[in-house]
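Q: There's a structure below that I have some questions on.
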Amino acid sequence: MAFRKRMSVLLLAGLGLLPAASCGNNPFQKQITINIINDTDFDVDPNIVFDNDTSLLAGWFPSETLETGLIEPGGFATFYLPCSDVGILLSDNAKLIDGGLVIATANDSVTLTDGDNFECLDKIEFQFIGSANNFAVVTFVNDVEVD
Numbered sequence: 000m001a002f003r004k005r006m007s008v009l010l011l012a013g014l015g016l017l018p019a020a021s022c023g024n025n026p027f028q029k030q031i032t033i034n035i036i037n038d039t040d041f042d043v044d045p046n047i048v049f050d051n052d053t054s055l056l057a058g059w060f061p062s063e064t065l066e067t068g069l070i071e072p073g074g075f076a077t078f079y080l081p082c083s084d085v086g087i088l089l090s091d092n093a094k095l096i097d098g099g100l101v102i103a104t105a106n107d108s109v110t111l112t113d114g115d116n117f118e119c120l121d122k123i124e125f126q127f128i129g130s131a132n133n134f135a136v137v138t139f140v141n142d143v144e145v146d
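Counting in numbering that gives the first Met the number 0, the sequence shown tops out at residue 146, every number present.
This is the structure:
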């Protein structure tokens, strides 16, 4: 009996007849992979922002922030977002942090736009490099640098 119930739930979820799980937890939903790499000697607050719209206004004022927390030196984090949630995506004024103090702010990354820079199911990577004097973010889509 438990097996039948479990199979029914899986079948309904697979058909999209159950409510979607929270961001990135639904294995049946098409997703974008976002990797964040901290190649610095300090903590990084990547401040990844996104919007489901692709308009100019959405690029200036994205409505959502990816909750990443601080990425420690040499750290790596992976996040998944449903494709339908991401029309634009960027790192907006990422912070380099030493002992709780902001020691540098990076220029914004390239603003990635769905259909122009990435597609559903792509892998997007934000790599943070440098130090207080030259802190920067380099952006990749499917292992190809975007500038």
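Just so you know, even glycine gets a beta-carbon here, dropped at the ideal spot from N, CA and C.
1) Could you pull the start and end residues of the beta strand (DSSP E) that Val85 belongs to?
2) Out of Gly86, Val109 and Leu95, which one is the CA nearest neighbour of Pro45?
3) Three or more C-beta pairs closer than 8 Å, one from the region 66–78 and one from the region 106–121: is that the case here?
4) Per DSSP, what kind of secondary structure is Ala131 in: helix, strand or coil?
5) Since I believe Ile36 is in contact with Val85 (beta carbons under 8 Å), could you give me their beta-carbon distance rounded to a whole number of angstroms?
6) From Ala131 to Asp38, what does the alpha carbon distance come to, in whole angstroms?
7) Expressed to the nearest angstrom, what Euclidean distance is found between the alpha-carbon atoms of Ala105 and Asp40?
8) Cys119 to Leu100, Cα distance in whole Å?
A: The structure says:
1) By one-based count along the sequence shown, residue 85 stands at place 86. Val85 -> no beta strand (DSSP E), and no H or E assigned at all.
2) Position 46 of the sequence shown, counted from the start, is the residue given in the question as residue 45. The shortest C-alpha separation from Pro45 is found at Leu95.
3) no
4) As a position in the sequence shown, residue 131 is number 132, starting the count at 1. Correct three-state label for Ala131: coil.
5) For this step, residue 85 is matched to residue 86 along the sequence shown. For this step, residue 36 is matched to residue 37 along the sequence shown. Contact doesn't hold; Cβ gap of about 19 Å is too wide.
6) Residue mapping note: residue 131 aligns to position 132 of the sequence shown, counting from 1. Residue mapping note: residue 38 aligns to position 39 of the sequence shown, counting from 1. Their backbone Cα atoms lie some 13 Å apart in a straight line.
7) On the sequence shown, position 106 is the one that residue 105 refers to. On the sequence shown, position 41 is the one that residue 40 refers to. Each residue's Cα considered, the two are about 15 Å apart.
8) Taking the sequence shown and counting its residues from 1, the one referred to as residue 119 is at position 120. Taking the sequence shown and counting its residues from 1, the one referred to as residue 100 is at position 101. If I take the Cα positions, the gap works out to 37 Å.
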